[in-house]
Structures are given as structure tokens and as C-alpha cells.
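Trainee:
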Amino acid sequence: MADRYGKLKERMAHREIVILDGGIGSEMLRRGVTWEGHKVESEPDAIRSIHADYLRAGADVISTNTFQLARRSYANHFADPEHLHHIGPQDIETRAPILIGEGVMRALEARDQTGLSDACVAGAMTTLDWCFRPDMAPSLNDMRGEYRETIKAFQDAGADLMLFETFNSSKEARTALEAARELGIPAWVGFVCDWNGRLLNGETMDQVMSGLKGAEPDVLLFNCAPVPDITRALSELSKEYRRPMGGYAHVGRFDPPDWMFTDEYPPDQYAAAAREWAGMGAQVLGGCCGTTPMHIEALKKTLPKTLPV
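Going letter by letter, the sequence shown gives residues 821 to 1129 in my numbering.
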């Protein structure tokens, strides 16, 4: 693990651009497989093929199909622990780490299948509660234990790094980063930004940098927002941030509980936006919901090999 990720870090130290994969859940929908339940056990071939297609398209890092897979995600469907035990299935409290292991396995299998052994597998994890609602974050004490528990599941399953994505506050991101550091697994953080270049909880980029001081991720990214919003956030961050950063936007609209596909930002237009991000210093570039292997292939073919001087 350390050697594979070490090679990636060495590439970044030489200012090489790193390609992240694109949407997973939305790509499942596009291929006729519903995302609910993650399907890492029931649809292994479909998920494995999506990972493999992203690798063949040029992704240096593929992310697991494990968004919102944490014990709290299941517990929140019930009134309290007593209610959960009364009407829920017996395995519900142990389900998350099992599915995390299966999710990591699908990505590892795709890497083996394609023979692209240098690619890193990132354990994808969002906030412990709903990612678009920073007001729903649990207490700091609860966060610490739950992040450590969930990250350990990714680590034990063989993930090369953690990708904390669609985070909405520096406080929760810092808690996750500290847990990853304690466990000895590298971590990136993707924040969801608004149209004003701030986080959903209102934090400015200066406040984000201050909130993460001393616990900075190996890469700070923005994700799960429209292309113009990512552009605005990167523009704000790049004024003072001197560590690796990046972005991966969504294409389309969130139509709960699924994704609405639109014809905005086809691969060539998306790649043009990513070139603008690279011009701002964004070094890790990929796609979020609605993007496809064709978008990632366009990034691989059209982005410069290294950041402009």
C-alpha cells in the first residue's frame, strides 16, 4: 500500500497532474442498475466493470462505491437503538463494515482485471450524516469514534487511501483527517461548495485553511457541485493555498433519491473547464455525479501532463 501511494505522492511532488475517476452511483443508473443498497454484493460484475472502465479511461485513482456507508446511515432510519433492535434485521449494526469490505474488493478486482497495478484505490466516505446538511452533524465525541471505526474498515479491506468527499465543514473534515492519521492511512478531502465559493456551512476559504491548520489533507478538493461553483471555489482557494488541490464537479441535477442526467458539459466541454482548473493550480482532477468514463478519457487526453509553471 505504502509503495503504491508513495509513487503517486512522488508524481505529485513533481507537479504531475493526477486523474481521479468519475461518478459511480450515477453511472450505475446510466447502465440500468439502481444505486440503493450500493449493490456491491448483488451486482458485483456491474460495479467491477465501472471501475475497470475508469481505469482504462486513464484514472490514476479509483474510488469505491461506498458513499454514505456507515453505521449511522442505517441507524438514522429508526427512532432510537431500541426501535432499531425491535423492528430492524439482526445484522443491521454490522452491515456497514461488511459492505465496505465488499466495495473495496470490487475496486481491487477491477485493478487486477485490467492489470493497471499502479492505480490507487481510494476508500470513498462522506460525512456521517447527510452531506448537504451541515446542521445535522453529530457531536465531536461521536464523530471521533465513528470515523475511526469506519476508516478502519476501509484500511483492513485494502484501500490505499481515504477519500473524504462532499464534506461541508472544516470541523468534521479535521476530525476525519485526525482519525485517518492515527490509523496510519493517507487521506484526501473533497468539500462541497456553493455558488459563492464557500462551504455549505458558510465557511470562507480562509476559514477552511485555518480550520485544517496542522491537519491538512494530502490533497484538498471540491466536489459534488456544478462546474462554475468548483471554478469559483478553486479561484478563491488558490489565492493563498500552496498545497496540492483539485476538483471534480457534477454534471446534471440531484433528483432524490437518484440523479437527473442533462446534456450540459459533454466530455469536451468538461475537459475545457478542467484545463482552467489546472491553470489555477488544481493537480487532482476527475468527475462527480453524472460524469462518465468518456469524461475521464477526455481529461486524460487533453490535460497537460504537469501543472503549468
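For every residue, glycine included, the Cβ atom is placed at its ideal position computed from N, Cα and C.
Take the Cβ of G943 as the centre, count every other Cβ of all protein chains shown within 10 Å, and call the residue buried at 16 or more, exposed below.
Mentor: Buried is the call here.
Trainee: According to DSSP, N988 sits in a beta bridge with which residue or residues?
Mentor: DSSP output for N988 lists no bridge partner at all.
Trainee: Quick one: what does DSSP say L849 is sitting in, helix, strand or coil?
Mentor: Looking at L849 - three-state DSSP - the assignment turns out to be helix.
Trainee: For A944, name the three-state secondary structure that DSSP assigns.
Mentor: Three-state DSSP puts A944 in a strand.
Trainee: If you draw a straight line from the alpha carbon of W1097 to that of T1122, how long is it in whole angstroms?
Mentor: One C-alpha to the other measures close to 13 Å.
Trainee: Let me check understanding here. Comparing Cα to Cα, which of I971, N961, A1092 and S1058 lies closest to A916?
Mentor: Checked all of I971, N961, A1092 and S1058; the closest Cα to A916 is I971.
Trainee: Once DSSP output is grouped into helix, strand and coil, what is the label at N1043?
Mentor: It is a strand residue.
Trainee: So, are the CB atoms of P1046 and V1009 less than 8 Å apart?
Mentor: No; because the gap between Cβ atoms is not below 8 Å, this pair is not in contact.
Trainee: Which complete alpha helix (DSSP H) runs does the segment 979-1033 hold, if anything under 4 residues is left out?
Mentor: Runs found: 990-1003 and 1025-1032.
Trainee: Name the two residues that bound the continuous beta strand (DSSP E) containing G1106.
Mentor: Where G1106 is concerned, the enclosing beta strand (DSSP E) stretches over A1102 to G1107.
Trainee: A1069 and C1108 - do their beta-carbons sit closer together than 8 Å?
Mentor: Cβ distance < 8 Å, so C1108 and A1069 count as in contact.
Trainee: Is D866 near V924, with beta carbons less than 8 Å apart?
Mentor: The sequence as given places Ala at residue 866; Asp does not occur at that position. Going by C-beta atoms, A866 is not nearer than 8 Å to V924.
Trainee: Going by the beta-carbon positions, is the gap between L983 and I1005 smaller than 8 Å?
Mentor: It is not a contact, given that the beta carbons lie outside the stated cut-off.
Trainee: Going straight from the alpha carbon of R891 to that of A930, what length do you get?
Mentor: Between R891 and A930, the C-alpha separation is close to 26 Å.
Trainee: Distance check for Y1061 and S883, CA to CA, integer angstroms please.
Mentor: One C-alpha to the other measures close to 25 Å.
Trainee: Can at least three beta-carbon pairs, one atom from the segment 1028-1044 and one from the segment 1080-1093, be found at a separation below 8 Å?
Mentor: In short, these stretches do not touch, since the Cβ pair count stays below three.
Trainee: Do N1043 and T1112 have their C-beta atoms closer together than 8 Å?
Mentor: No, the pair does not count as a contact, with Cβ atoms beyond the cut-off.
Trainee: Do G1101 and L1119 have their CB atoms nearer than 8 Å?
Mentor: Cβ atoms of G1101 and L1119: not closer than 8 Å.
Trainee: What would DSSP say about V924, mapped onto helix, strand or coil?
Mentor: Residue state, collapsed to three classes: helix.
Trainee: Could you spell out where the beta strand (DSSP E) holding G842 opens and where it closes?
Mentor: No beta strand (DSSP E) contains G842, which DSSP labels as neither H nor E.
Trainee: At the level of alpha carbons, what is the spacing between A822 and H903?
Mentor: Caution is warranted here: a pLDDT of 47 is assigned to A822, below 50, making its placement in the model unreliable, and the coordinate value is therefore given only provisionally. C-alpha separation (whole angstroms): 43 Å.
Trainee: Please report how far the alpha carbon of E830 lies from the alpha carbon of G878, in whole angstroms.
Mentor: Going by the C-alpha atoms only, they are around 18 Å apart.
Trainee: Assuming N885 contacts I844 (C-beta within less than 8 Å), just tell me the rounded distance between them.
Mentor: Going by Cβ atoms, the distance from N885 to I844 rounds to 5 Å, so yes, they are a contact pair.
Trainee: Could you give the distance in angstroms between the alpha-carbon of D1049 and the alpha-carbon of P1087?
Mentor: Answer to the nearest angstrom: the Cα atoms are 18 Å apart.
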